[in-house]
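Numbering (my numbering), first residue to last: 7 to 217.
See the structure below:
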């Protein structure tokens, strides 16, 4: 039986430079990903489990979400500075906003799975998938810093990419990890589409720094 819960958080930090580079490509340009979306199995010790991120581009990690969250805060602080709106309180607001968006993303992913009768995915997997939104949010802030008028165009593009990435990821979870893909096909498609569309308000919220 597949191990549903990975007790050692260090699993999510087993990354290297090659993994980070390739994973960022998948997150930012998921429609260009030529490989499969399934996770790789590890039969070491006679027990079926999943390979860690360093050996599997499709494995969830916590290194990228945490680094992306930190990058988002640094970029938010810089943007507040160049728009003469910087203050410790303003940066604190962005920190709180980021945490709330992360939490909402996790709850959204969990709710989608539970609505389809699938509630056995490890929590840290959901924390990881939810945190990838800060990669997109950081790109949006970089675009705003370079040219503020690009905000809406870049945000909609990142919403599309993040929605595409999450749909592929959630479909994989339903197929290979909880095996409920064949049930509720119409309901499943509506829920996945709703999850993808929800990236629009979340990313606009994260990108509206200093408002």
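Ideal Cβ positions, reconstructed from N, Cα and C, are used throughout, including at glycine.
Cβ of residue 170 within 8 Å of Cβ of residue 36? Within the chain shown, residue 170 is the residue found at index 164, counting from 1. Within the chain shown, residue 36 is the residue found at index 30, counting from 1. Taking 8 Å as the Cβ cut-off, residue 170 and residue 36 qualify as a contacting pair.
DSSP three-state assignment for residue 219, whether helix, strand or coil: Any question about residue 219 goes unanswered here, given that the chain covers just 7 to 217.
Self-check item: Bridge partners - residue 204, DSSP secondary structure assignment
Solution: As a first step, residue 204 must be located in the chain shown, where it is residue number 198. Per DSSP, none; premise fails for residue 204.
(message) So for residue 46, helix, strand or coil by DSSP?
(response) Walking along the chain shown from the start, residue 46 turns up at place 40. Secondary structure at residue 46: coil, using DSSP grouped into helix, strand and coil.
Checklist entry - Can you tell me whether residue 11 is buried or exposed, with buried defined as 16 or more other CB within 10 angstroms of its CB? => result Start at 1 with the first residue of the chain shown, and residue 11 comes out as number 5. At residue 11 the pLDDT is 49, less than 50, meaning the model places this residue with poor confidence; the figure from the coordinates comes in the next sentence. Its Cβ having fewer than 16 others within 10 Å, residue 11 is exposed.
| said: How far does the alpha helix (DSSP H) with residue 28 in it extend, from its first residue to its last? | reply: Indexing the chain shown from 1 puts residue 28 at position 22. 23-34 is the extent of the alpha helix (DSSP H) around residue 28.
task: Give me the Cα-Cα distance between residue 41 and residue 116, rounded to the nearest whole angstrom.
output: On the chain shown, position 35 is the one that residue 41 refers to. On the chain shown, position 110 is the one that residue 116 refers to. Cα to Cα, the separation comes out at about 26 Å.
- Message: If contact is defined by three or more beta carbon pairs under 8 Å, each pair taking one atom from either stretch, is the segment 199-209 in contact with the segment 74-88?
- Response: no
Just how far apart, CA to CA, sit residue 178 and residue 159?
-> Walking along the chain shown from the start, residue 178 turns up at place 172. Walking along the chain shown from the start, residue 159 turns up at place 153. Distance between the alpha carbons of residue 178 and residue 159 is about 29 Å.
- Item | Paired residues, beta bridge with residue 56 - DSSP | One-based indexing of the chain shown puts residue 56 at position 50. DSSP output for residue 56 lists 47 as bridge partner(s).
- Query: Taking the C-alpha atoms as reference points, what is the distance between residue 64 and residue 53?
  - Reply: Translated into the one-based positions of the chain shown, residue 64 becomes position 58. Translated into the one-based positions of the chain shown, residue 53 becomes position 47. Rounded to whole angstroms, residue 64 and residue 53 show a C-alpha spacing of 20 Å.
**Asked** How far does the alpha helix (DSSP H) with residue 80 in it reach, from first residue to last?
**Response** The residue given as residue 80 occupies position 74 in the chain shown. Residues 69-88.
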